[in-house]
Amino acid sequence: MVTGSDARRIPGEGRLFIGGEWRSAQAGGVIDVVDPALGERVGQVAAASSADIDAAVAAATAALASATNGNWSPEKRQNALLALASAIDANAGELAQLEMLDAGKPISNVNMVDVPQSAAGLRYFAGWATKLEGQTMALSVPGDWHACTLREPVGVVGQIIPWNYPLMGAAMKIGPAIAAGCAVILKPAENTNLSALRLAELIQTCGFPPGMVNILPGLGTEAGTALVKHPDIAKIAFTGSTATGKAILRDAADLLKRVTVELGGKSPVIVMPDADIESAARGIAMGIFFNSGQTCSAGSRLLVHASVAGPLMARVAEIARAMSLGDPANPKTQLGPVISDVQRDRILGYVDRAVADGARCLVGSERHHGAGFYIHPTILDDVQARMEVMREEVFGPVLAAMRFETTDLDEIAALANDNDYGLSAYVWTSSITSALGLVKRLKSGTVRVNTASGNDFAMPAGGVKQSGNGRENGRAGVEAYTELKSVTIAL
Ligand code: NAD
8 MVTGSDARRI PGEGRLFIGG EWRSAQAGGV IDVVDPALGE RVGQVAAASS ADIDAAVAAA
68 TAALASATNG NWSPEKRQNA LLALASAIDA NAGELAQLEM LDAGKPISNV NMVDVPQSAA
128 GLRYFAGWAT KLEGQTMALS VPGDWHACTL REPVGVVGQI IPWNYPLMGA AMKIGPAIAA
188 GCAVILKPAE NTNLSALRLA ELIQTCGFPP GMVNILPGLG TEAGTALVKH PDIAKIAFTG
248 STATGKAILR DAADLLKRVT VELGGKSPVI VMPDADIESA ARGIAMGIFF NSGQTCSAGS
308 RLLVHASVAG PLMARVAEIA RAMSLGDPAN PKTQLGPVIS DVQRDRILGY VDRAVADGAR
368 CLVGSERHHG AGFYIHPTIL DDVQARMEVM REEVFGPVLA AMRFETTDLD EIAALANDND
428 YGLSAYVWTS SITSALGLVK RLKSGTVRVN TASGNDFAMP AGGVKQSGNG RENGRAGVEA
488 YTELKSVTIA L
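So that you can map any letter, position 226 of the sequence shown is 233 in my numbering, and since no number is skipped, the others follow by simple counting.
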């Protein structure tokens with residue numbers, strides 16, 4: 008149960024969801040539930056050990072083995088995902104409260120984005136369950152042939168997610184895996200288990216065979232590693248930091264397990280001299296300050312042409328100063344706390360070192376001294392390309408800005424590409440030539456022109472360079488849970 012002043016219930020009594028039922032952790036491990044707005048422990052959930060992961064793998068394997076004779080047909084998978092989406096809608100208020108309590112997210116954001124988009128994502132992926140298909144081929148080798156490909160589910164998949172969008176992260180992992188016909192073992196992040204456990208309760212009511220979806224809170228280094236190394240898990244789908252992604256790729260190498268990794272970013276925002284300054288300023292502020300900057304695709308590296316830097320920076324600073332930071336339960340709050348004291352200290356360390364290294368703190372020099380892990384929206388100007396705040400992912404509400412003089416697209420793209428990451432890039436311009444010219448030159452999984460939003464489940468999402476490999480969303484995101492089998496029949 009949640010303790011203290013908050014009387015809310017912990018879903019599933021904080022136990023592990025294995026084989027369609029709630030089980031206690033075999034080794035008795037626990038993880039604290041901390042409210043980031045108060046900095047207080049408000050409860051505990053069970054932490055899975057490798058023995059619990061073994062049990063979940065056995066349940067998932069059994070579920071797939073009995074999914075025959077049409078009892079888990081594409082249409083049934085579609086309908087279960089649609090039912091889960093409807094269950095999310097029907098329980099939206101409770102899910103929003105859990106997400107706010109656990110992740111410190113402003114309630115207005117959760118109501119507007121996290122909860123409805125989780126349902127929308129499941130509906131999108133539900134549609135794919137009935138549309139996956141192979142092809143027939145005409146062969147050139149002599150003979151009479153029937154040749155085709157079959158698209159088959161990879162099997163049992165382990166899914167490991169971060170804390171920044173806990174419910175959406177779970178829905179976006181479960182949706183495509185179930186659509187493709189896989190069985191799932193999902194491990195939420197240590198900091199944010201509550202909405203995933205509530206999702207498990209809803210899954211119990213939506214027609215999923217027991218064991219087809221298992222949800223187990225646990226430590227990354229224990230339950231996470233056990234998933235990655237388990238011989239009966241065919242694929243790991245990971246979203247999280249680049250460092251953890253690399254560790255997972257190493258751990259999965261021995262079994263040559265399928266692995267997709269969606270990792271960090273340090274996404275450039277390019278403002279050309281002909282940009283609409285007001286739209287750009289609003290987009291830039293939203294792109295870095297939404298969810299307190301804890302978004303993988305946040306535009307955190309602002310590259311602005313010197314001719315428009317003055318008005319642009321002044322307007323972004325004005326928007327940042329007007330943003331309301333505070334109690335996530337207040338519907339007017341735009342920025343809640345960051346996830347933990349560790350993250351708060353890490354983010355502030357980046358800011359302090361940047362200022363010591365010569366950056367100018369335009370907005371956000373004040374510090375929060377009360378309870379909770381709050382950080383003011385922060386803008387650092389006159390940052391140099393070599394500085395760590397321009398190169399590393401801060402994952403907080405911190406915009407690092409530098410100016411450029413050139414209008415040569417190769418030179419501008421080179422500035423933007425001068426980074427280990429390649430997740431997203433943003434371009435603000437009124438010139439179609441600059442827009443398309445930069446789109447071609449930017450080394451990035453996603454490029455957005457004249458917008459900081461435009462997320463849609465139909466659009467593949469993923470990174471190049473150290474932002475990961477593989478794509479989520481769209482056809483590619485569902486096919487990533489399948490193997491392609493080539494069949495050649497001599498007639
Ligand atoms: P993290 O890498 O610390 O943890 C992510 C998950 O991995 C957690 O569930 C954790 O328990 C688990 N984990 C940790 N060590 C593990 C190990 N050795 N083996 C297996 N699992 C392990 O990341 P985080 O701090 O929770 O999340 C923030 C990061 O996620 C940022 O870098 C952000 O950019 C990234 N992210 C990327 C995307 C994307 O789509 N590219 C989306 C959201 C977040």
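Where is the CB? At the ideal position from N, CA and C, for every residue including glycine.
What first and last residue would you give for the alpha helix (DSSP H) that runs through residue 183? 173–187
Short check: CB of residue 404 to CB of residue 326, under 8 Å? no
Between residue 427 and chain B, is the shortest Cβ-Cβ distance under 8 Å, so that the two count as touching? Looking for chain B here will not work: only one protein chain is present.
Going by C-alpha distance, which of 431, 427, 444 and 426 is nearest residue 414? 444
Per-residue DSSP class, three states only, for residue 14: Residue placement at residue 14 is poorly supported in this model, since its pLDDT is 42, which falls under 50; the coordinates still yield a value, given next. Correct three-state label for residue 14: coil.
Could you tell me which residues DSSP puts in a beta bridge with residue 79? BP columns for residue 79 are empty, so no partner.
Suppose contacts are defined by Cβ-Cβ distances below 8 Å. Is residue 167 in contact with residue 291 by that definition? no
What ranges does the beta strand (DSSP E) occupy inside the stretch 23–110, keeping only unbroken runs of at least 3 residues that lie completely in it? 23–25, 28–30, 36–42 and 47–54
Near residue 150, what residues of its chain come up, given a Cβ to Cβ distance below 7 Å and the 5 sequence neighbours on each side ignored? 497
Which first and last residues belong to the beta strand (DSSP E) in which residue 165 is found? 163–167
Sort 310, 329, 284 and 479 by Cα distance to residue 411 and report the nearest one. 310
Nearest neighbour of residue 230, chosen from 42, 58 and 19 [CA to CA]: 58
Leaving aside the five residues before and after residue 313 along the sequence, list all residues of the same chain whose C-beta is less than 8 Å from its C-beta, in chain order. 410, 411 and 412
Sequence-distant residues of the same chain with beta carbon closer than 7 Å to residue 27, five excluded per side: 211, 217 and 218
On the DSSP bridge list, what partners appear for residue 151? Per DSSP, none; premise fails for residue 151.
Ligand 1 heavy atom lying under 7 Å from the CB of residue 502: The structure shown does not extend to residue 502, since the chain is modelled only from 8 through 498, so no value can be given for it.
What does the alpha-carbon distance come out to for the pair residue 18 and residue 50? 11 Å
Alpha carbon to alpha carbon, what distance is there between residue 480 and residue 185? 13 Å
So residue 274 and residue 430 are supposed to be a Cβ contact under 8 Å. How far apart are they, rounded? 6 Å
So what's residue 190 in DSSP terms, helix, strand or just coil? strand
Whole-angstrom C-beta distance between residue 423 and residue 449, which should lie under 8 Å: 6 Å
Which stretch, first to last residue, makes up the alpha helix (DSSP H) that contains residue 380? Residue 380 -> no alpha helix (DSSP H), and no H or E assigned at all.
Name, in chain order, the residues that DSSP records as bridge partners for residue 242. 164 and 265
Any heavy atom of ligand 1 within a distance shorter than 7 Å of the CB on residue 430? yes
Reduced DSSP secondary structure (H/G/I, E/B, other) of residue 479: strand
Determine whether the beta carbon atoms of residue 103 and residue 86 lie at a separation below 8 Å. no
Applying the 10 Å Cβ sphere with the 16-neighbour rule, what's the burial state of residue 89? buried
State the start and end residues of the unbroken beta strand (DSSP E) segment that holds residue 435. 431–435
Beta-carbon contacts of residue 172 that lie in its chain and below 7 Å, excluding the five residues immediately before and after: 121
What residue does the alpha helix (DSSP H) around residue 293 start on, and which one ends it? 284–296
DSSP-derived helix/strand/coil call for residue 257: helix
Ligand 1 and residue 170: does the residue's C-beta get closer than 7 Å to at least one heavy atom of that ligand? yes
Return the CA-CA distance between residue 158 and residue 79, expressed in angstroms with no decimal places. 16 Å
Taking DSSP as the reference, what is the three-state secondary structure of residue 331? coil
Residue 303 and residue 333 closer than 8 Å at C-beta: no
For residue 163 versus residue 68, is the C-beta spacing smaller than 8 Å? yes
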